[in-house]
Structures are given as structure tokens and as C-alpha cells.
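Asks: One structure follows; several queries about it will come next.
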Amino acid sequence: MLDKKMIVNDRERIEKLLKKRNEKYCEVLDRFIEIDKVRRRNISWYEELKADLNKNSRLIAEAKIKKQNVDLLTRSSKILSEQIKKLEPELKKLEEDFNSNLLEIPNIPHESVPDGKDEKDNLEIRKFGEPKNFNFEIKSHWELGKELDILDFERASKVTGARFVFYKNFGARLERALINFMLDTHYQAGYREIFPPFVVNESSMYGTGQLPKFREEAFKLENNNYFLIPTAEVPVTNLYRNETLKEENLPIKHCAYSACFRAEAGAAGKDTRGLIRLHQFNKVELVKFCHPDKSYEELENLTLDAEKILQLLNIPYRVVKLCAGDLGFSSAMTYDIEVWMPSYNRYVEISSCSNFEDYQARRLKIKFKSNLKNKNDKSEYIHTLNGSGLAIGRTLAAILENCQNSAGKINTPDILKKYLDL
RNA sequence: GGAGAGAUGGCUGAGUGGUUAAAAGCGACAGUCUCGAAAACUGUUAUACAUCUAAAAAUGUAUCGAGGGUUCGAAUCCCUCUCUCUCCGCCA
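For the first sequence, position 366 matches number 367 in my numbering, and the numbering has no gaps at all.
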């Protein structure tokens, strides 16, 4: 959520930057300004009436003490009160429109974000390793998974449905090894580990922006207002919702493993095979809360921390900077880490590292100040960042494919051996 | 799942229909004193929105867990919901 005052006062700049994302946001912006005008006018009327009513009530109180007659005052108050009640639903509706409109305005891209429409315009920043030349016919990870009896999609669709998987034997152990390896690595880099609930309430989903826009992508529990989390970002970022943090504790860095659940009904037909697009997958997430002056520096570090995993596994990848058109709704700047996937013969997204600046924080009401007990000290919104560090399933797929040998077996990366040796 | 108790400012905690944004205490901040500190004393001490401003100030409105209702007027009365605590049951 953007600062409403900034939108009104600095409209031209905002419009120009939003246009970089998509022309359609001009309309959204126009509508917002229009609603805001009407809204303010109504607030003024309402508050004037309220002020009169409050004054009358005070007069009645005084008159009663003096034992004077209050009929006249009561009558005029009654009229005021009726007028106010008439105005209330109108104002409420306006306020709702205003807020939902505000939520439809995406974050403004950072000035360094390249122009562009979609992923084709993303900017390659750096590369690690080179795609390996195999001197034999390579297999996809789902073929390897079946042959080695470590991934079972058929039975998963019997037991649950399409786009679920059973990891078995070495596959299950490798998945678990990767989770531990990533958490350990990030812990050493100073991330404090969180094991969050995998189920959150509606407010949390609004807080990080999954609602209201992306309702159809979430799994909702039937017997109450809880949702399965689509990413650990949701519970971990909401950890500090409605809180003011101490400046000296910044940056707060968390890493968290969670299972992630995504309905993504619209994505049917895309990446239908293998581990790339499932309704349930595992992920280790990195989340940072930091001082506004430091957030871009922290974004660089966060991306490097995520990259380190692939470096240690020695799997080729590249980092791209998303162009304005491909940028996520709440993000001001995003680096995607894309891992080399031999069966696709291209790079596949495995992590998305974003700086949301104060866009999430404003919605979540997360602020900071230097001294929590000093009331003269003004609080400010913090900046939030997050990135996958990494998606486990896709990492496992990348290992299977990049580390396969001519015998159809897997040469497990050395760094994982201590997690797999009994 | 059953029974009960509760939710008030940074914290503790008063307040059961009327000048109550809310007593008191603690804390924090500023000042006096001091070479400095402590103590003591004095003062200050929420947020959001709107109006008006270049800005501040000022004024108004809202906020006592959330949402509705009664009333001229609600922290206070009524209803619904959420959460916390205690006891019991059930579990991992």
C-alpha cells in the first residue's frame, strides 16, 4: 500500500513510474484521485454535524446540572443525530471504495528497474557456472524420479490429486537434507530461524497482500477463516504486524522452512510434469526487516545469501533483474535467481528476492523508532524484504538433472553428504 | 469439547450514562539543582484522519479488544464475534 498523501501530492511522478509497469494503472490512479475528492468532502460534512451534536450534548449536560429545561436542545440533537445516521453508510461505502482502490495501486518501481513488458525484457546481472555438456542422452527429473523410485506422482494423484507428489527413499531423504542444509547455511549467515504455523488467519493474508487480489490462488480451510500458507513469507512477515520495533535491533533477519500451498487454478497446462509446479511444495524463505536507508544494500546481500546455496551445490544459475512489467505487485525491485534445468534446456526460476520498501510495512503497520519508551521520538515505517532461499523441490529437480550420470544415477553434491550419511 | 474470569494509554491499574483522551503510580523525555551523576522538585508524555497552512501551530472528528445496537450523549447499558487466563476433559 502506498502513502495516500504521497499519491495526491506527488501525482505526476507516481503516474510516470506506474506507467512503467503498465499503462492501465493511469486509470486506477485517476479513479483513486476522484474517489478521494468525494471522500474528503463527505468527511467534512460528517465531522461538522458531529461537532454540532457533541456541542449540544455538552450543553444538555450543563443544563441538567443547573436543572434547566432541555427539551429544545434534545429536539435539535435528535435531528442532527438522524442526519448523521443517514450520512454514515454513504461515508462507509466511500471509505471502502477508497481503501480497495488504494490496494489496487501497486508499488512504484525503483528508478534503477529497467523498462520492459515481460520476462523477455529482464536484465541478466550475473552468471555462475556453465550448463554442462552431457555426452549421453539426459533424462528429465521426473523420469529419473520414477526409475530410481524416489518420486511417485501416480500414487500421489490417487491419494490426493494431480500436482502432488510422494518423495520416497533417497528422494525423501534428499528433500530433508536440502531443508537442513539451507537452514544451517542461512543460520551461519546470521538469519534467526523461525518455524512458523502453516495455517494463518485472514488478516495475515491481507497483511502481505495475498488478499484480496489473489483469493483464488489460496487454499482456504472450510470450517473456519484460516488459510494454508502459500509461502512462509506470510506468517514470518506478519510476526511483527502492528508492532513498533527498536531501531538498534535492525536489521532483523529470519530464515524459515515451511510447506507452501498454492491452488493456482489458472496455471493448468503449464509445467504439468515433475516438481516444478505443485499444489504443495517445500521452501526455505529469507525475510528481512530493516532501516529504510539500508534496504537496497540488504537486498544485494539477501540475493547473495540465496545464491550461495546453488554455489555450494555447484549448480549453474544466473541472476536477472526483473523489468518493470514483470515486477511483482508489491515489489519495488526484484532479482530472480534462475537455475539451469537441462530437461527444459533453459534457466528456471528458483528464487525471487524483493525489496518491498515500506509498501508491505504500511499495510502491516510495522514501524521502528530509536527508543521505544521515548514518546517524543517519531516512529517510521521499516522496509521489508524477502526471497526464497531456496525452493526445495526445484532445487532437488535441478540436482537430479544436473548431477545425473550416464548410468542413470545421481552424483550427490559433496556438501550434502554429511546430511545423507547415516 | 465443558465451566468460569477477563481485555482500558509504553507498563501497572482506577473508572458502571454527561466538560473523561480518560485518575493514580511506574517508566520515558525536558528543565531546575550539581563539577558531573544520583536523589529531589517542576513540566511534558498516544495515534490516525480532515480543515487551514509554504510549514508549524491551531481547530475539528475518531479511537478504552473488534463489529453492531439503545440514547440528545457510551470506556460505562444490550447483542455478536475475536483473543487471553484459570479449572476440567481429550489428546501428540
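Glycine included, every Cβ here is placed at the ideal spot set by N, Cα and C.
Treat the numbers as computed from the prediction; the structure is a model and nothing was measured.
For the region 326–394, list the beta strand (DSSP E) runs that are entirely contained and at least 3 residues long, ordered along the chain.
Replies: 334–342, 347–356, 368–370 and 384–392
Asks: Quick one, are the C-beta atoms of Gly388 and Ser352 less than 8 Å apart?
Replies: yes
Asks: At the level of alpha carbons, what is the spacing between Ile310 and Glu48?
Replies: 57 Å
Asks: Under the three-state reduction of DSSP, which class applies to Phe220: helix, strand or coil?
Replies: coil
Asks: What does the alpha-carbon distance come out to for the pair Glu358 and Lys140?
Replies: 42 Å
Asks: Check Ala257 in the structure and name its three-state DSSP category.
Replies: strand
Asks: Can you list, in chain order, the residues of its chain whose CB lies under 6 Å from that of Asn403, leaving out five sequence neighbours each side?
Replies: Ile316
Asks: Residues in the same chain with beta-carbon distance under 6 Å from Val160, minus the five sequence neighbours each way, listed in chain order, please.
Replies: none
Asks: What's the C-alpha gap between Asn346 and Leu365?
Replies: 41 Å
Asks: In the DSSP assignment, the alpha helix (DSSP H) including Asn440 goes from what residue to what residue?
Replies: Beyond the ends of the chain as shown, which are 2 and 423, falls residue 440; an answer cannot be given.
Asks: At a threshold of 7 Å, does Glu249 count as lining the ligand NAP (C-beta to nearest heavy atom)?
Replies: Within the structure as shown, the ligand NAP is missing, as the structure has no ligands at all.
Asks: Leaving out the 5 sequence neighbours to the left and right, which residues in its chain are closer than 6 Å to Ala64 when beta-carbon positions are compared?
Replies: Excluding sequence neighbours, Ala64 sits near Val71.
Asks: Let me know the secondary structure DSSP gives Gln312 once reduced to three states.
Replies: helix
Asks: Please identify the residue among Asn225, Val9, Asn239 and Phe196 whose C-alpha is closest to the C-alpha of Gln211.
Replies: For the residues Asn225, Val9, Asn239 and Phe196, the minimum Cα distance to Gln211 belongs to Asn239.
Asks: Return helix, strand or coil for Phe165, following the three-state DSSP convention.
Replies: coil
Asks: Give me, in chain order, the residues of the same chain whose beta-carbon lies closer than 7 Å to that of Ser407; leave out the 5 immediate sequence neighbours on both sides.
Replies: Leaving aside the five residues that flank Ser407 on each side, the residues in its chain whose CB is nearer than 7 Å to its CB run, in chain order, Phe137.
Asks: For Ser45, count neighbouring C-beta atoms within 10 Å of its own C-beta (all shown protein chains included) and say buried if the count is 16 or more, exposed if not.
Replies: With fewer than 16 Cβ atoms within 10 Å of its Cβ, Ser45 is classed as exposed.
Asks: If you reduce the DSSP assignment to three classes, tell me which class Lys79 lands in.
Replies: helix
Asks: Looking only at DSSP bridge pairs, what is Phe129 linked to?
Replies: BP columns for Phe129 point to Tyr318.
Asks: So, with DSSP's three-state summary, where would you put Glu96?
Replies: In the three-state DSSP reduction, Glu96 falls in the helix class (H, G or I).
Asks: Checking the sheet assignment: what are the DSSP bridge partners for Leu212?
Replies: Answer by DSSP bridge pairing: none, since Leu212 is not bridged.
Asks: DSSP on Lys295, reduced to helix/strand/coil?
Replies: Lys295: helix per DSSP, three-state reduction.
Asks: Could you check how far apart the C-beta atoms of Leu145 and Gln405 are, in whole angstroms? I think they sit under 8 Å.
Replies: 6 Å
Asks: How is Asn202 classed by DSSP in three states: helix, strand or coil?
Replies: The three-state secondary structure of Asn202, taken from DSSP, is strand.
Asks: Identify every residue that forms a DSSP beta bridge with Lys289.
Replies: Lys254 and Leu386
Asks: Distance, Cα to Cα, Ile451 vs Leu88?
Replies: With the chain running from 2 to 423 in the structure shown, residue 451 is simply not present.
Asks: What residues are listed by DSSP as bridge partners for Phe262?
Replies: Gln281
Asks: Under a three-way DSSP split, which group does Thr413 fall into?
Replies: coil
Asks: Out of Phe171, Val114, Asn170 and Ile383, point me to the one whose CA is closest to Glu249's CA.
Replies: Ile383
Asks: For the region 130–155, which segments carrying the alpha helix (DSSP H) assignment without a break, of at least 4 residues, lie completely within its bounds, in sequence order?
Replies: As far as the region 130–155 is concerned, its whole alpha helix (DSSP H) runs of at least 4 residues are 142–148.
Asks: Where do the ends of the beta strand (DSSP E) carrying Thr273 lie?
Replies: Here Thr273 belongs to no beta strand (DSSP E), and DSSP marks it neither H nor E.
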